[in-house]
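Just so you know, the protein sequences line up as chains A and B, in that order. Quick note, in the numbering used here, the first sequence goes up one by one and the last residue is 242. Quick note, in the numbering used here, the second sequence goes up one by one and the last residue is 494. All residues carry an ideal CB built from backbone N, CA and C; glycine is no exception. A quick note: this is a predicted structure, and the numbers were derived from the prediction, not measured. Beneath this line is the structure, given in structure tokens, with notes to follow.
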Amino acid sequence: MASRAVELKNVGFETGGLWLLRGVSAEVDVGQTVAIIGPSGAGKSTLISLINLMRTPTEGEIWVLGQEVRAWPVRELRQRVGMVFQSPVIFPGSVRDNVLFGLELHRRPPRDVAELLQMVDLPAHLADHAAEDLSGGQKSRVALARTLAMEPDILLLDEVTAALDVHAKREVESTLLRLKRELGKTMLWVTHDLDQARRVADEVWFVAGGRLVERGTPAEIFNEPRSEALRSFLAEGGEVRS
Amino acid sequence: MSYVSLSFTVLFVALSIALSLWLRLGVERDIVVAAVRAAVQLIVIGYILKLVFASHRLVFIVLMVALIIAVAAWNARGRAKGIPGAFWRIACGLVVTEILTQAVLVGFGVIPFQARYVITTSGMIVGNSMVAAGLLMNRLRREVENGRNEIMAILALGGTPRQAMYPRLVQAIRAGMIPTIDSTKTTGLVQLPGMMTGQIIAGQDPVQAVRYQLMILFCILAGSAVTSIVIGFLTYPTLFNRYQQLREDVLT
Ligand SMILES: Nc1ncnc2c1ncn2[C@@H]1O[C@H](COP(=O)(O)OP(=O)(O)OP(=O)(O)O)[C@@H](O)[C@H]1O
Ligand SMILES: [Mg+2]
Chain A
1 MASRAVELKN VGFETGGLWL LRGVSAEVDV GQTVAIIGPS GAGKSTLISL INLMRTPTEG
61 EIWVLGQEVR AWPVRELRQR VGMVFQSPVI FPGSVRDNVL FGLELHRRPP RDVAELLQMV
121 DLPAHLADHA AEDLSGGQKS RVALARTLAM EPDILLLDEV TAALDVHAKR EVESTLLRLK
181 RELGKTMLWV THDLDQARRV ADEVWFVAGG RLVERGTPAE IFNEPRSEAL RSFLAEGGEV
241 RS
Chain B
243 MSYVSLSFTV LFVALSIALS LWLRLGVERD IVVAAVRAAV QLIVIGYILK LVFASHRLVF
303 IVLMVALIIA VAAWNARGRA KGIPGAFWRI ACGLVVTEIL TQAVLVGFGV IPFQARYVIT
363 TSGMIVGNSM VAAGLLMNRL RREVENGRNE IMAILALGGT PRQAMYPRLV QAIRAGMIPT
423 IDSTKTTGLV QLPGMMTGQI IAGQDPVQAV RYQLMILFCI LAGSAVTSIV IGFLTYPTLF
483 NRYQQLREDV LT
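Below is the structure:
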């Protein structure tokens with residue numbers, strides 16, 4: 001199997017006459033964690049949504065595990081490339097229903113819900129609660145657990161810890177890093193939390209104005225930023241608006 | 243009834259206009275347009291039906307029914323803004339409904355295969371199905387607009403458009419059927435159905451009129467179900483593209 005998990009070749013995405021992304025070329029090796037940082041509205045969410053074909057690239061190609069995204073059977077691609085949305089989606093029903101939702105869609109055997117909840121630092125007794133009644137941070141972890149239950153090879157994470165307190169955030173981080181260490185999962189992890197990017201990433205991509213402006217190791221990106229855009233972004237602590 | 247006695251009822255129109263002016267309801271123009279349209283449409287239809295009934299030619303029956311369906315589909319399409327190909331899908335649903343109901347009515351000898359029966363029953367059944375189609379389309383739009391995030395989440399888990407849409411489609415189909423079911427429940431209690439009233443005024447035995455009315459009610463019930471289901475299942479796939487994405491260029 002290819003050692004490249006994801007390869008972006010001059011990717012652009014246009015909608016309504018507007019290019020939200022342009023000229024993005026990069027690759028992610030199997031087992032690598034890439035943190036994607038950049039100002040709000042930069043195109044980070046757009047970028048990862050191309051990788052599981054929730055959006056179709058307007059130009060360029062995206063190769064995932066050895067095949068162009070449009071050549072994959074969609075159902076299979078999206079099972080192997082799991083995505084957690086920026087705003088968590090909760091389905092009607094219990095936490096258990098929610099966590100097993102994806103498996104159910106594919107008639108795959110259910111998994112141990114307590115174990116999945118533990119992975120995202122939620123107590124097992126929540127399993128039978130109505131998912132609608134959970135707090136925002138709990139909902140985002142249920143959504144993450146639902147994607148983890150699918151055992152994808154590649155994880156697309158969009159601000160998955162944004163709504164969590166320090167403790168829960170660390171738990172989720174350590175779960176994801178364990179999955180990477182033990183099972184070789186590949187991750188593209190969008191985050192506004194620069195310290196988190198430092199902690200989890202093998203490589204950091206800085207996206208701004210629809211372009212991949214800079215990429216490098218966390219040390220390179222945070223200690224020796226080359227572009228003016230990245231320098232001012234870091235100077236503002238990652239809070240600049242584009 | 244002569245045209246002279248009919249002309250007295252124009253007083254009702256005048257009364258409505260006077261009320262609208264007096265209370266500043268601002269609907270007097272619409273009342274005039276509605277009254278004139280109703281008069282012209284019905285009088286023209288009356289003469290056309292007279293011709294068709296006299297000729298006994300199959301082609302006229304088919305043409306009349308096609309015209310009814312085309313107008314109904316065009317009308318219901320107005321409720322389906324942003325849904326591509328809505329006219330043809332609605333027309334298809336109405337055609338299936340028409341064929342099914344007439345096959346049963348004529349096939350089992352409930353009504354004779356004559357223009358007088360086929361065209362009138364078709365008009366009633368298609369007219370009601372048109373309303374069901376409009377409600378269905380309207381609800382389908384809302385279901386997709388309000389459920390966008392959930393639909394996307396199901397697709398992102400590798401679910402098919404059908405899996406993502408099924409519960410919403412069911413709601414839309416129900417929305418198409420419920421008014422018909424409800425009005426069937428209270429029929430005869432609140433108001434006498436139009437056809438029955440007409441037959442009784444024309445001198446028919448009320449019990450005979452009731453039988454015809456029941457037949458029509460059952461056809462309308464089945465019609466709203468068939469129409470809603472056919473159109474619902476024909477329409478939802480157009481909201482997605484071949485990569486199982488919710489199309490952004492529709493429903494906006
Ligand atoms: N369907 C769409 N049509 C037009 N513009 C869109 C559409 N979706 C997103 N955009 C725009 O594209 C830009 C990039 O959006 P995107 O969600 O990828 O940003 P982001 O980097 O994830 O931002 P954030 O950090 O706030 O989540 C934004 O300016 C957004 O308004
Ligand atoms: Mg985003």
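According to DSSP, residues forming a beta bridge with residue i
| i | result |
| --- | --- |
| residue 206 of chain A | A/37, A/214 |
| residue 243 of chain A | Residue 243 of chain A is absent from the model: chain A starts at 1 and stops at 242. |
| residue 6 of chain A | A/28, A/64 |
| residue 83 of chain A | A/156 |
| residue 488 of chain B | B/482 |
| residue 94 of chain A | A/130 |
| residue 11 of chain A | A/24 |
| residue 59 of chain A | A/12 |
Residue i, enclosing beta strand (DSSP E) - first and last residue
| i | result |
| --- | --- |
| residue 25 of chain A | 18-29 |
Interface residues of chain A facing residue i [CB-CB closer than 8 angstroms]
| i | result |
| --- | --- |
| residue 210 of chain B | Given that chain B is displayed from residue 243 to residue 494, the structure contains no residue 210 of chain B and the question cannot be resolved. |
| residue 397 of chain B | 54, 78 |
| residue 400 of chain B | 74, 75, 76, 77, 78, 79, 102, 105, 106, 150 |
| residue 391 of chain B | 85, 87, 89 |
Ligand 2 heavy atom lying under 6 angstroms from the CB of residue i
| i | result |
| --- | --- |
| residue 86 of chain A | yes |
Neighbour list for residue i in chain B, Cβ cutoff strictly below 7 angstroms
| i | result |
| --- | --- |
| residue 15 of chain A | 490 |
Interface partners of residue i on chain A, CB under 9 angstroms
| i | result |
| --- | --- |
| residue 405 of chain B | 105 |
Buried or exposed (CB count within 10 angstroms, at least 16 for buried), residue i
| i | result |
| --- | --- |
| residue 182 of chain A | exposed |
| residue 195 of chain A | exposed |
| residue 298 of chain B | exposed |
| residue 327 of chain B | exposed |
| residue 248 of chain B | exposed |
| residue 13 of chain A | buried |
| residue 454 of chain B | buried |
| residue 241 of chain A | At residue 241 of chain A the pLDDT is 46, less than 50, meaning the model places this residue with poor confidence and gives no usable figure here. |
| residue 82 of chain A | buried |
| residue 16 of chain A | exposed |
| residue 260 of chain B | exposed |
| residue 141 of chain A | buried |
| residue 478 of chain B | buried |
| residue 433 of chain B | exposed |
| residue 154 of chain A | buried |
| residue 251 of chain B | exposed |
| residue 69 of chain A | buried |
Start-to-end residues for the alpha helix (DSSP H) that takes in residue i
| i | result |
| --- | --- |
| residue 138 of chain A | 136-149 |
| residue 288 of chain B | 270-297 |
| residue 394 of chain B | 390-398 |
| residue 102 of chain A | 101-105 |
| residue 167 of chain A | 166-183 |
| residue 243 of chain A | Here chain A comprises residues numbered 1 to 242, so residue 243 of chain A is not present and cannot be evaluated. |
| residue 430 of chain B | Segment: none, residue 430 of chain B is in no alpha helix (DSSP H) and carries neither H nor E. |
| residue 474 of chain B | 448-477 |
| residue 440 of chain B | 436-443 |
| residue 335 of chain B | 328-349 |
| residue 44 of chain A | 44-51 |
| residue 230 of chain A | 228-235 |
| residue 250 of chain B | 245-250 |
| residue 306 of chain B | 300-319 |
Near ligand 1: residue i beta-carbon under 6 angstroms from a heavy atom
| i | result |
| --- | --- |
| residue 46 of chain A | yes |
| residue 230 of chain A | no |
| residue 20 of chain A | yes |
| residue 40 of chain A | yes |
| residue 362 of chain B | no |
| residue 15 of chain A | yes |
| residue 136 of chain A | no |
| residue 23 of chain A | no |
| residue 43 of chain A | yes |
Proximal chain A residues relative to residue i, where beta-carbon distance stays under 7 angstroms
| i | result |
| --- | --- |
| residue 388 of chain B | Residues of chain A passing the Cβ test: none, with the nearest at roughly 13 angstroms. |
| residue 486 of chain B | 74 |
CB contact check: residue i to chain D, cutoff 7 angstroms
| i | result |
| --- | --- |
| residue 370 of chain B | Of the protein chains in the structure, A and B, none is chain D. |
Contact set between residue i and chain B, taken where Cβ atoms lie within less than 8 angstroms
| i | result |
| --- | --- |
| residue 70 of chain A | 485 |
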